[in-house]
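The next block holds one structure in the form of structure tokens; read it before the comments.
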Amino acid sequence: MTRPSGGALSARKQPRQARAHLTVDAIFEATIQVLLSEGLSALTTTRVAARAGVSVGSLYQYFPQKQALLFALLQRHLEAVSDAVCATCAQCRAMPLDQMSDALVHAYLDAKTRDIAATRALYVVAAELDTDDLLGAVARRNHSAIRDLLLSAGDRRVHQPDAVAFALSATLAGTTRAVLARDATQGDLAALRAELPVLCRAYLVARSGPL
Numbered sequence: 001m002t003r004p005s006g007g008a009l010s011a012r013k014q015p016r017q018a019r020a021h022l023t024v025d026a027i028f029e030a031t032i033q034v035l036l037s038e039g040l041s042a043l044t045t046t047r048v049a050a051r052a053g054v055s056v057g058s059l060y061q062y063f064p065q066k067q068a069l070l071f072a073l074l075q076r077h078l079e080a081v082s083d084a085v086c087a088t089c090a091q092c093r094a095m096p097l098d099q100m101s102d103a104l105v106h107a108y109l110d111a112k113t114r115d116i117a118a119t120r121a122l123y124v125v126a127a128e129l130d131t132d133d134l135l136g137a138v139a140r141r142n143h144s145a146i147r148d149l150l151l152s153a154g155d156r157r158v159h160q161p162d163a164v165a166f167a168l169s170a171t172l173a174g175t176t177r178a179v180l181a182r183d184a185t186q187g188d189l190a191a192l193r194a195e196l197p198v199l200c201r202a203y204l205v206a207r208s209g210p211l
């Protein structure tokens, strides 16, 4: 697959009415189903439309080509994960540092493991598209939320909060991907949920001091 960028990856129009939202949701769900059952190389707009129960013309009203559909699907996933991160950061302000760390890790893992097969498929999609701008925007949003959360800690002062927020975000994303992108067992997932909070908590304590 080529790596189009710019306008080629933009949705043709955004759904505004309830019925339109249902149509787009059905298209997204069908796209995931085709990715999981047939793989990225076999995915076509015709197959997706048939699985979604809509005409190819209806699909093209929103997505001018396959890459635009995949980009929109990936964007929805990344923004949902970011929404979970930002909501948790807002809820945990002024908590003790270890508690906010655990809450953040659990929220991130919950969002990424809600549908592990779909998450794994979207890792493949991300590698095939020009997503630098999208990933950058999501990373900046997450970084800002996490930095502000760290600055609000009720019991410790985080040194170099920008650098720490960057490293913490990278640790969450990289460690989770290393596990989910392969055929992780239930034991692997249990270990991830048990050990990632410990790792992040220890790092934050090491990079902070008493108020």
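The UniProt record's numbering numbers the first residue of the sequence shown as 1 and each following residue consecutively.
C-beta: ideal position from N, C-alpha, C; glycine also.
Test item: CB-CB of residue i and residue j under 7 Å
i    : j    : result
A107 : T131 : no
L36  : A117 : yes
L122 : H159 : no
A52  : I32  : no
V179 : L168 : no
K112 : T45  : no
Among the options, nearest to residue i - alpha-carbon criterion
i    : options                : result
E29  : T171, A42, A72, S101   : A72
L109 : L211, P210, A206, C200 : C200
S55  : A184, A173, T23, Q186  : T23
D162 : R156, D155, L149       : L149
A153 : Q67, L211, L43         : L211
Coarse secondary structure for residue i, derived from DSSP in three states
i   : result
S55 : coil
Through-space distance from residue j to residue i, alpha-carbon basis
i    : j    : result
P96  : R19  : 45 Å
S208 : Q75  : 34 Å
D60  : R120 : Checking the sequence shown, residue 60 turns out to be Tyr, not Asp. Those two C-alpha atoms are separated by around 26 Å.
V34  : A49  : 10 Å
F84  : Y62  : The residue asked about is misnamed: residue 84 is Ala in this sequence, not Phe. For A84 and Y62, the distance between alpha carbons rounds to 26 Å.
L135 : D155 : 32 Å
V81  : V105 : 12 Å
R147 : A90  : 11 Å
V205 : M100 : 12 Å
L70  : V125 : 7 Å
R47  : E79  : 26 Å
E128 : L40  : 10 Å
N142 : C86  : 7 Å
A151 : T171 : What sits at residue 151 in the sequence shown is Leu, not Ala. Distance between the alpha carbons of L151 and T171 is about 19 Å.
S58  : Q186 : 40 Å
A137 : A190 : 31 Å
- Which runs of the alpha helix (DSSP H) spanning at least 4 residues fall entirely within the stretch 112-197, listed in chain order? 116-128, 132-151, 161-180
- Message: Runs of 4 residues minimum, wholly inside the UniProt domain "HTH tetR-type" (21-81): which ones carry the alpha helix (DSSP H) assignment?
- Response: 45-52, 56-62
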